[in-house]
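As numbered in numbering that gives the first Met the number 0, residues 0 to 239 make up the sequence shown, in order. Each residue gets a CB set at the ideal place from its N, CA and C atoms; glycine is no exception.
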Amino acid sequence: MVQIEQGVIPRYYQLKEILEKRIQSGEFQPGDRFPTDDELCQEYGLSRGTVRRAVEMLINAGLLRREQGRGTFINSLQQSHVFFRLASFDEEMKARGWQPSTSLVSRRAFPANAEVAKHLQIPSGEKTIEIIRLRLADGKPVAYETRYLSYKTCPQLLEEDLENQSIHSLLIDKYTIPLVRACYTIEARVLSQKEAEHLQVETGSAGFVIERVTYTTDDKPVTWYRTVYRGDVYRFSAEF
0 MVQIEQGVIP RYYQLKEILE KRIQSGEFQP GDRFPTDDEL CQEYGLSRGT VRRAVEMLIN
60 AGLLRREQGR GTFINSLQQS HVFFRLASFD EEMKARGWQP STSLVSRRAF PANAEVAKHL
120 QIPSGEKTIE IIRLRLADGK PVAYETRYLS YKTCPQLLEE DLENQSIHSL LIDKYTIPLV
180 RACYTIEARV LSQKEAEHLQ VETGSAGFVI ERVTYTTDDK PVTWYRTVYR GDVYRFSAEF
């Protein structure tokens, strides 16, 4: 059995992740009764409050449902919320037979302007990190990526190797910052002169833009991310 550890990541969130994996593994079928809070408390050695919070997260995600007087049950596919996962840049490039790589353009600490402050829900002027990278396929620029996060969230990113490591994975695995959900905006538009220069296409060329705000367990934004993709090279793949 996977152990719940004492540490930076809250216990209820660790339990939620464990239970979600059990559900997605097929251990339970749609309509099956889910273990009671008391049973989960005994199984994992946790308090009722911790267990209840983890289960509520799974209910809110559409994986479980409570029935008054009967208990908690696994939702059917038709009853679950619809989720999708965009394929990562590396996944997409490798699927097309191209070798992905990353080039760090710049990184800096600066006072947050109004736009950055709004997305990160921090005061204007708060010290913030900006990271700009080029994503390449077989050495050809495909995506121009800009990412922002509050300096106090993870100042170590100013020293990390960001050409050979995933920022997302660094935050989760090395710095134990739980990232639990993300909100995406996707649009097609004409590339600016700066974007076109970095992507080595003509100004006015078509491109795709993904904006993403990633949140931690207290529903606080951790990163705001904007990536501009060449319209003649990139395509989006999503799982529903």
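Rounded separation between A108 and A205 - CA only: Counting from one through the sequence shown, the residue named residue 108 turns up at place 109. Counting from one through the sequence shown, the residue named residue 205 turns up at place 206. A108 and A205 have their C-alpha atoms some 31 Å from each other.
Which of helix, strand or coil DSSP assigns to K93: Against the sequence shown, residue 93 aligns to sequence position 94. Shown here, K93 sits in a helix according to DSSP, grouped into three states.
Three-state secondary structure assigned by DSSP to L156: As a first step, residue 156 must be located in the sequence shown, where it is residue number 157. The answer is helix: DSSP assigns L156 an H, G or I state.
Secondary structure of S102, DSSP reduced to three states: Sequence index remark: in the sequence shown, residue 102 carries index 103 (1-based). Reduced to three states, the DSSP call for S102 is strand.
Span of the beta strand (DSSP E), counted from its first residue to its last, around I73: Counting from 1 along the sequence shown, the entry for residue 73 is found at position 74. Per DSSP, I73 belongs to the beta strand (DSSP E) from 70-73.
CB-CB length for S105 against E162, believed under 8 Å: Working through the sequence shown from its first residue, we reach residue 105 at position 106. Working through the sequence shown from its first residue, we reach residue 162 at position 163. That belief does not hold up - the Cβ atoms of S105 and E162 are roughly 12 Å apart, past 8 Å.
Pairwise C-alpha distance: P99 and I171: Here residue 171 refers to the residue found at position 172 of the sequence shown. Here residue 99 refers to the residue found at position 100 of the sequence shown. Here the alpha carbons of P99 and I171 stand approximately 22 Å from one another.
Residue span of the beta strand (DSSP E) that contains V212, given as start and end: Residue 212 sits at position 213 when you count from the first residue of the sequence shown. Unbroken beta strand (DSSP E) run through V212: 205-214.
Through-space distance from G68 to K126, alpha-carbon basis: For this step, residue 126 is matched to residue 127 along the sequence shown. For this step, residue 68 is matched to residue 69 along the sequence shown. When rounded, the distance between both Cα atoms is 51 Å.
Inter-stretch contact (C-beta, 8 Å, three-pair minimum) for the region 57-72 and the region 112-126: Contact check between the region 57-72 and the region 112-126: fewer than three CB pairs, one atom from each, fall below 8 Å, which does not count as touching.
Backbone secondary structure at F88 - three-state DSSP: Sequence index remark: in the sequence shown, residue 88 carries index 89 (1-based). Of the three classes helix, strand and coil, the one that applies to F88 here is helix, per DSSP.
Segment contact, 8 Å Cβ cut-off, at least three pairs: the region 145-161 with the region 189-201: Note that the region 145-161 does not touch the region 189-201; fewer than 3 beta-carbon pairs, one per stretch, sit closer than 8 Å.
Buried or exposed by the 16-neighbour rule on C-beta atoms within 10 Å, applied to D36: Translated into the one-based positions of the sequence shown, residue 36 becomes position 37. Burial call: buried.
With 16 other Cβ atoms within 10 Å as the buried cut-off, status of K219: As a working mapping, residue 219 is identified with position 220 in the sequence shown. Classification of K219: exposed, given that the 10 Å Cβ count is below 16.
Whole-Å CB distance - I73 paired with L45, under 8 Å assumed: Reading the sequence shown from its first residue, position 74 is the one you call residue 73. Reading the sequence shown from its first residue, position 46 is the one you call residue 45. With a Cβ gap of about 21 Å, I73 and L45 do not count as contacting.
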